[in-house]
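Since the structure comes first, as structure tokens, the remarks are kept for the end.
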Amino acid sequence: MSLATIDRAPIAPLAPAPAAPTAPATDSRRLRAVPTGTEARGFVLYVGIDEAKAAAAGTDLGALVEQLKALVGDLAPAAETYAAVALAPVGAGGRDVDVVRLALQDPAALAQHRHTEEAPSPKHRTGVVVDISRKRVVLDGEPAALTYKEFELLQYLVLREGRTIERAELIGSLWSAGDDEIPNERTIDVHVRRLRAKLGDYEDIVRTVRGVGYRFDRHADVSIRQASTPSPDFF
939 MSLATIDRAP IAPLAPAPAA PTAPATDSRR LRAVPTGTEA RGFVLYVGID
989 EAKAAAAGTD LGALVEQLKA LVGDLAPAAE TYAAVALAPV GAGGRDVDVV
1039 RLALQDPAAL AQHRHTEEAP SPKHRTGVVV DISRKRVVLD GEPAALTYKE
1089 FELLQYLVLR EGRTIERAEL IGSLWSAGDD EIPNERTIDV HVRRLRAKLG
1139 DYEDIVRTVR GVGYRFDRHA DVSIRQASTP SPDFF
């Protein structure tokens, strides 16, 4: 975006609009754009219109600018004016007034533009790594914040790939009498939900077998790393 100043011969000014009644200084509806401790020194009026729209209205951008300047001169002869026209590449798109605000470096428009440009790109998916040797799970290159028990639950299913594990078996194998909290067959579902929540987009690698329990089936997005010790199901 860039700016171009306009220098044209004066054009007959627009007839000033009838003066509206002045609201009392105490009117709560009065706009208060000037913070305490500062003073207003002027204003900016953003006008969004392209050459085609101006031509359709029987005018052009230069004429609009000069007539607005003339109107300000009539209303407040001591006012100083400076006009600039925002230029953009042909076919750039977007709302005309937004192009003008960007070209004139409006802070709010610039902040919004930066926010749009800095929008995060889609996350690169690299899948799930269940690293049994190191007791960790990596999701798309980032370690998953699994608790010890959540990892044990996932590991138990992974090492028994393809077999449906009943809830009672999970409880008996992963919890012992000395544990602070031993789930029952209903609350084991809560532990599985928490595990799935931390697996994010890959929650479906832990499947529910309705009325029975849970199972893990090998998936293209999942790789398993472990020592040479075989699964307990394949001795």
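Each residue of the sequence shown is one higher than the last, beginning at 939 in the numbering used here. We treat Cβ as the ideally placed atom computed from N, Cα and C, and that holds for glycine. Quick caveat, the model's predicted, so the values are computed rather than measured.
task = Return the CA-CA distance between residue 1165 and residue 1074, expressed in angstroms with no decimal places.
result = 14 Å
ask   = Which residues in the same chain have their Cβ closer than 7 Å to the Cβ of residue 963, if we skip the five residues on either side of it in sequence?
value = The predicted position of residue 963 is uncertain, since its pLDDT is 49 and thus under 50; a value taken from the coordinates is nonetheless stated next. Cβ within range, chain order: n/a, list empty.
message = Suppose the cutoff is 8 Å on Cβ atoms and the five residues either side in sequence are ignored; what does the same chain contact list for residue 1112 look like?
response = 1087, 1090, 1091, 1094
key: CA-to-CA distance, residue 1040 to residue 1136, given in whole angstroms   = 42 Å
inquiry  = Helix, strand or coil, according to DSSP, for residue 1089 in the structure here?
reply    = helix
key: Stretch-stretch touch, CB-based, cutoff 8 Å, three pairs: the stretch 1137-1145 with the stretch 1107-1123   = no
ask   = Is the stretch 1033-1050 touching the stretch 1100-1110, taking contact as three or more C-beta pairs under 8 Å?
value = no
request  = Using a threshold of 7 Å, state whether the C-beta atoms of residue 1002 and residue 1023 are closer than that.
outcome  = no
According to DSSP, residues forming a beta bridge with residue 1069 = 1074, 1163
ask   = Per DSSP, which one or two residues make a beta bridge with residue 1153?
value = 1145
task = Consult DSSP for residue 1003 and reduce its assignment to one of helix, strand or coil.
result = helix
query = How would you label residue 1036, buried or exposed, when you count the other beta carbons within 10 angstroms and need 16 or more for buried?
reply = buried
inquiry  = Excluding the 5 residues flanking residue 983 on each side, which residues of the same chain have their C-beta closer than 8 Å to its C-beta?
reply    = 1006
query = When the Cα atoms are used, what is the spatial distance from residue 1065 to residue 1147?
reply = 23 Å
query = So, helix, strand or coil for residue 1081, using DSSP?
reply = strand
ask   = When the Cα of residue 1149 is compared with those of 1019, 1052, 1124, which residue comes out closest?
value = 1124
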